[in-house]
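See below for the structure under consideration.
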Amino acid sequence: MLLIRCPYCEETLPELEFVYAGEAHIERPKDPSSLSDDDWRDFLFMRSNVKGPHFERWRHVHGCARFFNAVRDTVTDRFLATYKAGEKRPSLAELEKAE
Amino acid sequence: MTTLRVPNGGRVRHDEPVAFTFDGKSYTGLRGDTLASALLANGVHLMGRSFKYHRPRGPVTAGSEEPNALVGTSRGKGRSEPNTRATMQELRHGLVAESQNRSPSLKFDFGAVNDRLHPVFSAGFYYKTFMWPKSFWDRVYEPVIRAAAGLGTAPKEEDPDTYANRYAHVDVLVVGAGPTGIAAALTAAKAGAGVVLVDENAEIGGALLSDPSVAIEGEPAWTWLAGRIGELAALGVTVMTRTTAIGYYHQNMVALAERLTDHLDEIPQGAPRERMWQVRAGQVVLAQGALEKPLVFNGNDRPGIMLAGAAQTYLNRYGVRIGERAAIVTSHDSAWYTAFNLADSGTAIAAIVDTRSHPNAELLGEARRRQIRVLVGHTVVATSGRLRVKSITVAPMTNGRVGKSQTIACDCVAACGGWTPSLHLFSHTKGTLRWDEASAAFFPDRKSEACEIAGAGRGLWGYAPVLADGVAAGTAAASSFGQEARAVAPGVKGDRPGTGANHAVLATSVKPGRVRAFVDFQNDVTAKDIRLAVSEGMKSIEHVKRYTTNGMATDQGKLSNINGLMIAAETLGKAPPEVGLTTFRPPYTPTTFATFAGYHRGTHFEVTRKTPIDGWADEQSAVFEPVGQWRRARYYPKAGEDMDAAVERECRATRQSVGIFDATTLGKIEVAGPDAAEFMNRVYTNPWTKLGVGKARYGVLLGEDGFIRDDGVVGRVSETLFHVTTTTGGAARVLTMMEDYRQTEWPDLKVWLTSTTEQWAVVALNGPNARKVLEPLTEGLDLSNEAFPMMSLADCRVAGFRARLFRLSFTGELGYEVNVPARHGLALWKALMEAGEPYDICPYGTETMHVLRAEKGFIIVGQDTDGTVTPDDAGLGWAVGKKKTDFVGMRSLKRPDLAATGRKQLVGLQPEDGSLLLEEGAQIVADPDKPVPMRMLGHVTSSYRSAALGRSIAMALVADGRQMMGKTVYIPMPDGTHKATITSANAYDPDGERAKM
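Line order of the protein sequences matches chains U and L. Numbering of the first sequence is given in the working numbering, commencing with residue 1 and proceeding in unit increments. Numbering of the second sequence is given in the working numbering, commencing with residue 1001 and proceeding in unit increments.
Here you go:
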């Protein structure tokens, strides 16, 4: 079971309290109607599916219920960072240096 | 007691005999025996039959890696277990053990005919043999394969035992309590760390239990061990025996399976049988030791042939000689000590056969001193003996050629092909391995967790090096907490260092077609099978494994993986690491399902949510059904009624007078704040801005992909407060989706979301007399049609309770939903029942609710929709705000495929035979006489008998269904093809007059 740090509660807690919520930093277009079919398709379905550090969303559903962002390595399943929704994505180079 | 038991030998209690039975025959063993050691003491080697060829087999090991000696054990009703390893099952009074995979008896087994047919059952036979004729598959192959599949018999009764589950947090967890683990635990504990030491055996000591002659710190091994047990206790180290570390997970979480009662004569009242521990450790020390590797030679599987280390364990730990005349076959020094111990205990040594030309001179001297015959540079070409080995035939090897053979009589063989570090747990963490050419083994390389791996588990050999390594590991573990250890590695006298040579397969002069050299004993995989797999194109070890089943038995390749890899690599002409190693996965050893389940069984398996009215329904003998986690009354049968009769009565009563329904489980969300209406506009398809206070509207919720996710009536309580209802099963999903948008897409909106599902009890009244029942109980609200029309809501008092009253209808009748604080739900229900008495008020359940709504063509999300249905498909285009510029899913509705013609649309179906009930899920076709496969137009989504219409009704999703009104379609079902006409789904009171009364 993973231990995950909730950036709002500022506590590291068992995975059981959290739920995965898909790739992060995919912003809903401000005016979806102005998008072409292809662009809208990409927003709906196309995901990066990376092997390695992945920016993704989690929700502390059995805690503060907040959505937040995380960087998790999909190879090792290790969390490199968690941060609040709306914050800038951290630099991978710096995270890897910190490892 | 036979002469095979060494007087006062081993660690067993010679003064405490223990009676047990094996295949119905009574035997006696000693306290401290395992089932295997007790049977061996009685001269019994034959303990099982192999899986495929049904070959007679005896134990090859003395531990948890045992592939052969698997038996069924039982102790009374429900307490039986298949595939218990006889080498791990401790003897207890009255133990009942039965051999497996044989019929009629272990000594005479019809299934052994497979062994004669072995050329048929070679690697991949599944994929080659059962291909044709096609018609044989259902009637012949599958039944025969099913009957032959599986090892042992699963118990049929419910398990009466309980199983526990605990969490623990420790500084240092040491896995394996051999000399390395003990040294590590002591070192870390002395430095001040909190330490847990676990071992799968009944007592700690590991290899020392089988090697009493070695001296540590000037004391005989067992004296030293007793001293350390005392020291561990004094230091407060938690020592857990009979506890297997089955899996090593992320962030130093290790799962331990602790066996608590299987070794006890009597089960203490209420004691759990097993306990699963989830341990989070600061540091883990893996001291699991090494597993002995079998030698692969022709006829290496006969009962009586076992690993030399196992023979040594049976002798020294259990005081059992495995036979009267032993042959030793080895490529490693360690088996020589087994030979010496056996010789010293009065067992004749027929010969020590070493594959190496120049074994260690000291060992040769020791053998000579005992006058043991030694054959160096020899190979084993064959063995004999059906139910017990009778002889081995050996021959010298010169320049790679097999020389003239000789046959040596024996009644047991101790064989050793070297040692393999046990890297299972290390590999669970995705730690990397490196191949060590010299020892033909994988060693741990790069770590991925905070762990140390020490001792024989990283390829060290001999007591002095592993004790020193344990001290080093304990020191490292403690230092990660900033604690300083001051331990010195204990001195060792009479150590048993050793080296060895490695062989994929021992050479033989026997014709290749007659050679049976086993690699995986339990699954009957031979060296030839692995070569065949390679020659048939399996180049990766993962493919070889699946094609041959090598390593797929209950021992998960503990004995066979490395030998299989060596043979595959040799055949491919590649280095073993290029061929690869199969992935080790938890659990380390077979673990009962119940241990994983723990407390989560029966009523504790899942939460059952009950409404305040549930108890009343139960008293009325309601029949319940699960809806999500809720338990809902499905129907309320009267004496002698089946479901159809009860539902027909409930429907009739509701349509004719008044029915009462517990709607508490509906999901309820309060959307509050100055931007509540804007939020609703963005989330639901409908327009909300102009919805007046006190008015309600049916809302549709889409996913961003444009498909219907949920629906429900939404009421506007005030300018800034919406009371949103959702489907029973969708409540949590809807709130999650709303929260997602609120928190991450539109954090600027001033809106708050609160689940109120559990705060309100909801009672629905439906039927022409609903107002008459409700009116006398209502205060503060005029219920007349003019003052409180359809789709209204208001706060008032009902039966004296503060209430939020909705006027809406999911049945097509005049309807109300009374929300009161949940604690008043039952009282409200009873008050309404009493008030309804003059009108023969009838409680109805979810089944009647389904029928009544289907008569009106109202959808159930998830039944009439399936995640590919748009509002237009469902005939709900009217609920989509035409002037809106955006809402969740709106853009997707304009995607070409969603706007195209030919989409499946929700319609009604009227079967030609009105007494016929169409099957939900049945496919619909235009012309059943077309050749198969024919085009399917859609499927039936809902189907009921309608009392009001006097015929069966159905709803269906049909391609272009709304353009097909009045057309005939066909529904093929198992009992024949049925004809039906496409109609509107709104079959009852199509103008909706009754709801507006």
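All C-beta atoms, glycine included, are put in the ideal place defined by N, C-alpha and C. This one's a predicted model, so the numbers in the text were calculated from it and none came from an experiment.
Simplified DSSP assignment, three categories, for residue i
| i | result |
| --- | --- |
| Cys-1451(L) | strand |
| Gly-1914(L) | coil |
| Glu-1219(L) | strand |
| Asp-1662(L) | strand |
| Thr-1790(L) | A small correction: the amino acid at residue 1790(L) is Met; Thr does not occupy that position in the sequence shown. The answer is coil: DSSP assigns Met-1790(L) none of H, G, I, E or B. |
| Glu-23(U) | strand |
| Glu-17(U) | helix |
| Ser-1942(L) | strand |
| Leu-1046(L) | coil |
| Asn-1316(L) | helix |
| Asn-1008(L) | coil |
| Asn-1563(L) | helix |
| Ile-1859(L) | coil |
Check whether residue i and residue j have beta carbons under 8 Å apart
| i | j | result |
| --- | --- | --- |
| Leu-1906(L) | Gly-1875(L) | yes |
| Ile-1182(L) | Thr-1241(L) | no |
| Asn-1766(L) | Ser-1657(L) | no |
| Tyr-1588(L) | Leu-1423(L) | no |
| Leu-1030(L) | Pro-1017(L) | yes |
| Val-1761(L) | His-1850(L) | The sequence as given places Ala at residue 1761(L); Val does not occur at that position. Going by C-beta atoms, Ala-1761(L) is not nearer than 8 Å to His-1850(L). |
| Val-1700(L) | Pro-1444(L) | no |
| Arg-1011(L) | Asp-1211(L) | no |
| Thr-1885(L) | Ser-33(U) | yes |
Proximity test, Cβ basis, 8 Å: residue i and chain L
| i | result |
| --- | --- |
| His-92(U) | Residue 92(U) is actually Leu in this sequence, not His. No, because no Cβ of chain L sits closer than 8 Å to the Cβ of Leu-92(U). |
| Gly-86(U) | yes |
| Leu-3(U) | yes |
| Asp-73(U) | no |
Neighbour flag for residue i against chain U, beta carbons, 8 Å
| i | result |
| --- | --- |
| His-1250(L) | yes |
| Pro-1687(L) | no |
| Glu-1745(L) | yes |
| Asp-1740(L) | yes |
| Lys-1430(L) | yes |
| Pro-1587(L) | no |
| Thr-1848(L) | no |
| Met-1253(L) | yes |
| Ser-1809(L) | no |
| Val-1018(L) | no |
Listed by chain order, chain U residues near residue i by CB distance under 8 Å
| i | result |
| --- | --- |
| Asp-1886(L) | Asp-31, Pro-32 and Ser-33 |
| Met-1737(L) | None at all; the shortest Cβ gap to chain U is about 11 Å. |
Amino acids of chain U, ordered along the chain, whose beta-carbon sits closer than 9 Å to that of residue i
| i | result |
| --- | --- |
| Ser-1755(L) | By Cβ distance, chain U contributes nothing, its closest Cβ being about 10 Å from Ser-1755(L), past 9 Å. |
Interface partners of residue i on chain L, CB under 8 Å
| i | result |
| --- | --- |
| Arg-66(U) | Gln-1743 |
| Thr-82(U) | Result: empty, since nearest Cβ-Cβ is about 14 Å, beyond 8 Å. |
Chain-ordered neighbours of residue i on chain U, where CB pairs are closer than 7 Å
| i | result |
| --- | --- |
| Pro-1896(L) | Asp-37 |
| Arg-1891(L) | Pro-32, Ser-33, Leu-35 and Trp-40 |
Proximal residues of chain L, C-beta to C-beta of residue i below 7 Å
| i | result |
| --- | --- |
| Arg-28(U) | Glu-1745 |
Contact residues within the stretch 32-51 of chain U, judged by C-beta distance below 7 Å to chain L: Residues passing the 7 Å Cβ filter: Pro-32, Ser-33, Leu-35, Asp-37, Trp-40 and Leu-44.
The stretch 1684-1712 of chain L: positions lying closer than 8 Å to chain U by Cβ: Near chain U, meaning a CB-to-CB distance below 8 Å, the residues of the stretch 1684-1712 of chain L are Glu-1704 and Asp-1705.
Interface residues of the stretch 1437-1449 of chain L facing chain U [CB-CB below 7 Å]: Listed in sequence order: Ser-1448.
Near-chain U residues of the stretch 1859-1875 of chain L - C-beta to any C-beta below 7 Å: Answer in chain order: no residues at all.
Chain U contacts made by the stretch 1267-1296 of chain L, where a contact means CB separation under 9 Å: Across the stretch 1267-1296 of chain L, CB contacts with chain U closer than 9 Å involve Gln-1278 and Arg-1280, in sequence order along the chain.
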